[in-house]
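In full-length UniProt numbering, the protein residues as written are 1 to 395. Backbone N, C-alpha and C fix where the C-beta goes; we use that ideal spot for every residue, glycine too. Structure first, then comments.
Laid out in structure tokens, this is it:
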């Protein structure tokens, strides 16, 4: 059974404490221990209880930690509003339903649907009348032209016929435009092409209209009930639909870390629902403003979610790392003695003689500490037992 991080840390500290007690007692009983201003010499009995390690190069991944959450991909989600006021008479789609673009979501009974349909029918009638007038004008113009060419009609009559034909053609264009505008308005109000075609052919007016899905996706919320009156100018969403095949990772980065973050950089996320799984993505957006309360900057990534494991508003922990880690001197973290802002190590300068040295430390990863300045690769330092060598020097 795997131990938790807290349990593992506790056991590690308990082990270190027991070792400390034993080693301290050993040093207290030693007769061969001597010390100076910045060195300690130990006896053979104590030497074998210390762990001496060589400073080695290690490629540290410069990482920044952050917290945040999972969110819907706003580029693949939308709210559904009503373009007219009315009463919801039938709710078709439910939360969790998979819908395709054009699938019906609900039906609304609205008196606002009647005038646009009447306008469509009137525009259709005007267009039909204009078409008839155009046909008559074309026939009349042809007849007069034939007579004129046979010298049986004066040129003035031909001019009149041509003017009437031009006027009829202009009326035809105007009524065509008005008819198409009326059709477009019906589409805006939610009428399907099939419903508009039925209205055009049969003239049947209906107050009930279906609101359809504008995109493919999953219904993630519904905020309308049976019989509820909805208003076009309220701005209230009836449904929200999202494509859950991708999600957004929203990490909150400390202000002091934002200089190390850039677009395209890899980011890793973990969620409690899958503790042994790491979700990897690349940063797509860095907010241009910092949160005034938390003093953090939002960094966003997009990640695939084919199995649907990631849910909106899940808490997530993030790790952002450099893609080109550099090798620097490294020692076990136990070798570093920290006192306030000062870090020191004990360097073995000759057998059983250890010299105290101040070092500049950097990243800590996997039990190792990066040494930026103060140690060279190949030098030997005390790892296990360093704190007790330090205590002996201070006594």
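Does the beta-carbon of residue 113 have 16 or more other beta-carbons within 10 angstroms, so that it is buried, or is it exposed?
Residue 113 is buried by the Cβ-count criterion.
Would the segment 243–257 and the segment 223–235 be scored as touching if the rule is three or more Cβ pairs under 8 Å?
Counting Cβ pairs under 8 Å, fewer than three are found: no touch.
For residue 213, which option in 81, 252, 121 and 321 has the closest C-alpha, if you only look at C-alpha atoms?
Out of 81, 252, 121 and 321, 81 has the C-alpha closest to the C-alpha of residue 213.
Using beta-carbon positions only, say whether residue 71 and residue 252 come within less than 8 Å of one another.
No, the pair does not count as a contact, with Cβ atoms beyond the cut-off.
Starting from residue 155, trace the alpha helix (DSSP H) in both directions and tell me its first and last residue.
Start and end: 155–188.
If you reduce the DSSP assignment to three classes, tell me which class residue 55 lands in.
Residue state, collapsed to three classes: coil.
Here's the rule I'm using: 16 or more other beta-carbon atoms within 10 Å means buried, otherwise exposed. How should residue 364 be labelled?
It is exposed - the Cβ of residue 364 has fewer than 16 other Cβ atoms within 10 Å.
Who are residue 71's beta bridge partners in DSSP?
Answer is 248.
Does residue 1 pass the burial test, meaning 16 or more other C-beta atoms within 10 Å, or should it be called exposed?
Note on residue 1: pLDDT 41, under 50, position unreliable in the model; the coordinate value appears next. Exposed.
Are three or more beta carbon pairs between the segment 101–121 and the segment 204–212 nearer than 8 Å?
Yes: at least three Cβ pairs fall under 8 Å.
Taking 8 Å as the threshold (beta carbon to beta carbon), is residue 218 in contact with chain C?
Included in the structure is just one protein chain, with no chain C present.
Rounded to whole angstroms, what's the CA-CA distance from residue 222 to residue 91? Just pull it up for me.
Approximately 10 Å between the Cα atoms of the pair.
Once DSSP output is grouped into helix, strand and coil, what is the label at residue 390?
Residue 390 falls in the helix class under three-state DSSP.
Would residue 77 and residue 263 qualify as a contact pair, given that the criterion is a beta-carbon distance under 8 Å?
Cβ distance not < 8 Å, so residue 77 and residue 263 don't count as in contact.
Would you mind sorting residue 88 into buried or exposed? The rule is 16 or more other CB atoms within 10 Å of its CB.
With 16 or more other Cβ atoms within 10 Å, it is buried.
Do you know how far the Cα of residue 361 is from the Cα of residue 370?
Whole-angstrom Cα-Cα distance: 6 Å.
Going by the beta-carbon positions, is the gap between residue 376 and residue 337 smaller than 8 Å?
Not closer than 8 Å, so no.
How far does the beta strand (DSSP E) with residue 285 in it reach, from first residue to last?
Run containing residue 285: 279–290, per the beta strand (DSSP E) assignment.
Name, in chain order, the residues that DSSP records as bridge partners for residue 229.
87, per the DSSP bridge assignment.
Out of curiosity, what's the CA-to-CA distance linking residue 268 and residue 289?
Distance between the alpha carbons of residue 268 and residue 289 is about 23 Å.
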